[in-house]
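Participant:
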Amino acid sequence: MDKTYQPNAIEQQWYQTWEESGYFKPSGDTSADPYCIMIPPPNVTGSLHMGHGFQESIMDALIRYHRMQGDNTLWQVGTDHAGIATQMVVERLLAAEGKSRHELGRDKFIERVWQWKEESGGNITRQLRRLGASPDWSRERFTMDDGFYKAVQEVFIRLYEDGLIYRGKRLVNWDPKLHTAISDLEVLNEEEQGHLWHFRYPLSDGSGHLVVATTRPETMLGDTAVAVHPEDERYKHLIGKTIKLPLAEREIPIIGDDYVDREFGSGCVKITPAHDFNDYEMGQRHSLEMINILDADANLNDEVPEKYRGMERFAARSQVVDDLDALGLLEKTEPHTLKVPRGDRSGVVIEPWLTDQWYVKTRPLAEDAIKAVEDGRVNFVPDNYQNMYFSWMRDIQDWCISRQLWWGHRIPAWYDTDGKLYVGRSEEEVREKHNLGGIELTQDEDVLDTWFSSGLWTFGTLGWPEDTAELKAFHPTSVLVTGFDIIFFWVARMMMLTLYFKKEVPFHTVYVHGLVRDSHGQKMSKSKGNVLDPIDLIDGIDLESLVQKRTSGMMQPHLRDKIEKQTRKEFPEGIAAYGTDALRYTYYSLASTGRDIRFDVGRIEGFRNFCNKIWNASRYVLQNCEGYDCGQDGGEDFELSLADRWIISQLQRTEKTVREAMDTYRFDLASQALYDFVWAEYCSWYLELSKPVLWDENVSQAVKTGTRRTLIRVLETILRLAHPLMPFITEEIWQRVKALAGTSGDTIMLQPYPEADERRIDTGAEAAIAWLKVVTEGVRNIRGEMNISPAKKIPLLLRGGSEEDRERLEACRSLLTKLASLESITWLDSGETAPASATALAGDLELLVPMAGLIDVAAESARLQKEIDKLEKELARVRGKLDNPKFVDKAPAHVVAKEKDKLAEMQSALSRLDKQLRAVGEL
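Here the UniProt record's numbering is used: position 83 in the sequence shown is 83, and no number is missing along the way.
(1) Would you tell me roughly how many angstroms separate the C-alpha atoms of tyrosine 753 and glutamate 716, rounded to the nearest one?
(2) Can you have a look at tyrosine 235 and say buried or exposed, based on whether 16 or more other CB atoms are within 10 angstroms of its CB?
(3) Can you check which of these residues, Gln751, Ala643, Leu913 and Gly265, is closest to cysteine 812 by C-alpha distance?
(4) Hey, quick one: how far does the alpha helix (DSSP H) through glutamate 428 stretch, first residue to last?
(5) Taking buried to mean at least 16 other C-beta atoms within 10 Å of its own C-beta, is tyrosine 259 buried or exposed?
(6) Considering Cα atoms alone, identify which of Gln865, Leu740 and Ile401 is closest to glutamate 166.
(7) Which term fits glutamine 652, buried or exposed, when burial requires 16 or more other beta carbons within 10 angstroms of its beta carbon?
(8) If I measure Cβ to Cβ from glutamate 251 and keep anything under 8 Å in the same chain, skipping five residues before and after, which residues do I get?
(9) Would you identify the three-state DSSP class for arginine 141, choosing helix, strand or coil?
(10) Can you give me the C-alpha to C-alpha distance between glycine 121 and proline 364, rounded to a whole angstrom?
(11) Are the region 777 to 789 and the region 837 to 855 in contact at 8 Å, needing three or more beta carbon pairs?
(12) From methionine 555 to leucine 48, what distance separates their C-alpha atoms?
(13) Grouping DSSP H, G and I as helix and E and B as strand, with all else coil, what is methionine 496?
(14) How many angstroms separate the CA atom of leucine 745 from the CA atom of methionine 144?
(15) From this set, Lys773, Arg760 and Gly778, which residue's C-alpha is nearest arginine 808's C-alpha?
(16) So, for aspartate 757: in the same chain, excluding its five sequence neighbours on each side, which residues have a beta-carbon less than 7 Å away from its beta-carbon?
(17) Name the DSSP bridge partner or partners of asparagine 43?
(18) Please identify the residue among Leu185, Ser57, Thr580 and Leu559 whose C-alpha is closest to the C-alpha of isoleucine 10.
(19) Assuming methionine 524 contacts aspartate 518 under a Cβ cut-off of 8 Å, what Cβ separation, rounded to an integer in Å, is found between them?
(20) Rounded to whole angstroms, what's the CA-CA distance from glutamine 566 to arginine 598? Just pull it up for me.
(21) Given this structure, state the Cα-to-Cα distance separating leucine 294 from isoleucine 575, to the nearest angstrom.
(22) Excluding the five sequence neighbours on either side, which residues of its own chain have a C-beta within less than 6 Å of the C-beta of leucine 185, listed in chain order?
(23) Is there at least one Cβ from chain C nearer than 8 Å to isoleucine 350's Cβ?
(24) May I ask you to report which of helix, strand or coil DSSP gives lysine 704?
(25) In this structure, does DSSP put cysteine 36 in helix, strand or coil?
(26) May I have the straight-line CA-CA distance separating methionine 726 from tyrosine 585, to the nearest angstrom?
(27) How about glycine 460 and leucine 471: do their beta carbons lie closer than 8 Å?
(28) Rounded to whole angstroms, what is the Cα-Cα separation between isoleucine 487 and valine 481?
(29) My assumption, with CB atoms under 8 Å, is that alanine 82 sits in contact with asparagine 43. Please give the rounded CB distance.
(30) For glutamate 351, which of helix, strand or coil comes out of DSSP?
(31) One question on the structure: do asparagine 299 and glutamate 281 come within less than 8 Å of each other, judged by their Cβ atoms?
(32) Are there 16 or more other CB atoms within 10 angstroms of the CB of valine 512, so buried, or fewer, so exposed?
(33) Using the beta-carbon count (16 or more within 10 Å), is glutamine 751 buried or exposed?
(34) Let's test the definition: count the other Cβ atoms within 10 Å of the Cβ of threonine 272 and tell me whether it reaches 16, buried, or not, exposed.
(35) What residue range does the alpha helix (DSSP H) around leucine 178 cover?
(36) What are the partner residues of histidine 195, as DSSP defines its beta bridges?
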């Protein structure tokens, strides 16, 4: 093995070997338990971000874990056609050529999108490979491929024929730039500074006026009512009367509705059903007129007075305010912070807009989907997310599934010249079914929302509507790994559609993970300049490239300068190459159920050190085992030492803990248990305990063989335990140790996952080594406190203790002598006086190290006094800071807390130094 661990030298080579060898495919063993995960299909336009990296790492760990358990394992991979995002990418490319999609026409434009997909659409799948993801690439699907298209079309037609899909005029999120309806998930609601305008609406009978407040004055031209709370003493006598809508000169009713908040503003609310979702619901309840005052560009249309027609919405806003002010109807204007909905792709303000769209009736579908969770056919992990699921599902609204795009699954509907609608698999089928002859038909221009097609993902990818062998083998799937933010948009819709068409659940478990945030708990976003690219963490990136990456495309100089300064401060030397295994292990260490993840680069550095530890430990094991008898041939000519029995026992406990954690999706607990065993038990103690055995000529060959056998077999088991979490380093080392461990095979990923054998738990060996560790650490602490070199052999006196302590000393004497570097061990009789000594305790057992001849008392006293003086000076400075009211009152709370922690640490250190000085003075 190379002296140093270099992840770049092994990772891509191993991945290529795995993929070319077909190891990612299902075993095909029909007698084995099936295990299947469907990848949440990333956008074909996308690139790997931290959330993807975390999610894919979780899925890969589960897949590798179950593959090693012998399950017939399928990780189904694929990408989503991402209607809006992909169309925007290709339109930008056309614009750079001086063209538009309208010039090309629909068919040529679609051809151009497919061309882009073939040339540039595979970026994220290449990055998934770099992360070590092991799906069956031979079965890769795309939500626009021929087979999946057939499934999408079939679902639409059957739902339509069953009366569950209809076309209707309802309110949608309308993007005036992209000219399409969008889903709630594609709307970003962020706080912005605006205004709240208070207007007077005169009563029709001339008896006074009502004051209404609005943040969107232009919409008042579409008002069809003013609402008050029915129990509001100020206004309930006015319910049933009318007001004269200013500017529009229409009479509109005053209605009573419990939705109105009596405490907000004046307690009177203008109702514009065609331009506000809450108003729309109220309009439905009160049978109000729906007046749409905007066109597709969000300009005012012919439903408003002539003066305002054709005006851009925000220009109309200013004009309406000015006109009402001129009429004396503007009571006041207040600054107001409000949530402004913007399209996540276009960046423009989204309008609630009344338009004809296609809808799915969801209430009939939701009933079975709710029952499936209630009766335990589908479980959420953690289970509190089922409450979020129930909340959405029990208040579900019909689902808008149409989008005004060209790229996507075109709706299989045709219209005749009278506007009559026909749905079918093709124009030919429609003509034949309805005996239309040569009548002119026009296909619907709209495409289906991508959430509609991805809702069929679990069964559509397995070949439905055909009754394929894959469907029989792997459906329902085992677990869905997803973020909580798409429980409604994706999870719930898969539940509804799969239960309706397959009469079974799509998956048995929904594992819900948190969102990956930065080290301060902030959401990662380009505008905040805190985005981390998983590939940069794997391969490294220099500072200048990182700055350029984070600031590229930013038009605002002040924001660009801020992010550049922030980046240079956070990463003055760029980002080091940590490798895939270190990154993945960091993800698992943070994966406590359901909580958001604070990602700190310092943690990945720690796990890079963990990889180094495994690498160096493996080099030690190989150096001491290669060329020797390690019991690899199955012979019984060996003897296990106390340390061997102890580490084997600890291994069984670790195997049990890791398995239980993996089975319950506690990746944080699995990674911690493995880390603790490898670092704190195997490397820090067992490797040291092996040295006295292997390097002592007086130790029998049988014991040496037993130690070598244990060294190599425990290491090989560690590698199998760790493989789902750290695939590359474990494969590289396993290939070098497998023969010495008496095993064989082409790859670690197809080896059996370790399983604890409780018969090998040795509580006696565990207790003896625990005693040895406590005594050894006690002696080492004395060395540290008294500044005695670790290499210097010292005498050890023991006093007190129990008969059990004496027995353990005899069992561990040779190991203790080597580990603690002792020249002798003497047990003092009861009451026997010890020479001047430094002391430590191991339970009731007193450890004494005579100081005569070991230290220069005067020099050690001087050294300790110098440290005390320095610490007291610093202590006085910090205490003075904390005694200053100006500092305590004005400094940020975390800064004050840090100073208080520093004070406590220094006081503790000073106490230890005083104790050491007194001990030295007594010598």
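Here a beta-carbon is modelled for each residue, glycine too, at the ideal position from N, C-alpha and C. As the structure is a computational prediction, the values presented were derived from the model and not from experiment.
Facilitator: This is what the structure gives:
(1) So the two alpha carbons sit approximately 11 Å from each other.
(2) With a 10 Å radius around the Cβ and a threshold of 16 neighbouring Cβ atoms, tyrosine 235 comes out buried.
(3) Residue Ala643 is the option with its Cα nearest to cysteine 812.
(4) Counting along the chain, the unbroken alpha helix (DSSP H) around glutamate 428 starts and ends at 427 to 434.
(5) So tyrosine 259 counts as exposed.
(6) Residue identity differs from the one stated: residue 166 is tyrosine in this sequence, not glutamate. Residue nearest to tyrosine 166 within the set Gln865, Leu740 and Ile401 is Ile401 (criterion: CA-CA distance).
(7) Buried, since its Cβ has 16 or more Cβ neighbours within 10 Å.
(8) Setting aside the 5 residues that flank it on each side, glutamate 251 is surrounded in the same chain by Ser204, Thr242, Ile243, Lys244 and Leu245, each with a C-beta closer than 8 Å to its C-beta; the list follows chain order.
(9) Strand, per DSSP.
(10) Rounded to whole angstroms, glycine 121 to proline 364 spans 38 Å at the Cα level.
(11) Contact check between the region 777 to 789 and the region 837 to 855: three or more CB pairs, one atom from each, fall below 8 Å, which counts as touching.
(12) Distance between the alpha carbons of methionine 555 and leucine 48 is about 24 Å.
(13) The three-state reading of DSSP puts methionine 496 in helix, counting H, G and I together.
(14) It should be pointed out that residue 745 corresponds to glycine in this sequence rather than to leucine. Straight through space, the alpha carbons of methionine 144 and glycine 745 are spaced by roughly 39 Å.
(15) When each option's Cα is compared against that of arginine 808, the closest is Lys773.
(16) Residues Gln652 of the same chain have their beta carbon placed closer than 7 Å to that of aspartate 757, with the five preceding and five following residues left out of the count.
(17) According to DSSP, which records beta bridges pairwise, asparagine 43 is partnered with Asp80.
(18) Residue Thr580 is the option with its Cα nearest to isoleucine 10.
(19) At roughly 6 Å, the Cβ-Cβ gap stays under 8 Å, so methionine 524 and aspartate 518 are in contact.
(20) Using only the alpha carbons, I get a separation of about 18 Å.
(21) Each residue's Cα considered, the two are about 50 Å apart.
(22) Closer than 6 Å at the Cβ level, and outside the excluded window around leucine 185, lie Phe489.
(23) Checking the listed chains, one finds no chain C in this structure; it contains a single protein chain.
(24) Secondary structure at lysine 704: helix, using DSSP grouped into helix, strand and coil.
(25) Note: cysteine 36 maps to strand in three-state DSSP.
(26) Distance between the alpha carbons of methionine 726 and tyrosine 585: 7 Å.
(27) When the beta-carbon positions are compared, glycine 460 and leucine 471 stay at least 8 Å from each other.
(28) So the alpha carbons of these two residues sit roughly 11 Å apart.
(29) Right, the Cβ-Cβ distance comes to about 4 Å (below 8 Å), so this counts as a contact.
(30) Strand.
(31) No, Cβ-Cβ distance for asparagine 299 and glutamate 281 is not below 8 Å.
(32) Around the CB of valine 512, 16 or more other CB atoms lie within 10 Å, so the residue is classed as buried.
(33) Classification for glutamine 751: buried.
(34) Classified as buried, threonine 272 has 16 or more neighbouring CB atoms from the shown chains inside 10 Å of its CB.
(35) Here leucine 178 belongs to no alpha helix (DSSP H), and DSSP marks it neither H nor E.
(36) Its beta-bridge partners are Pro335.
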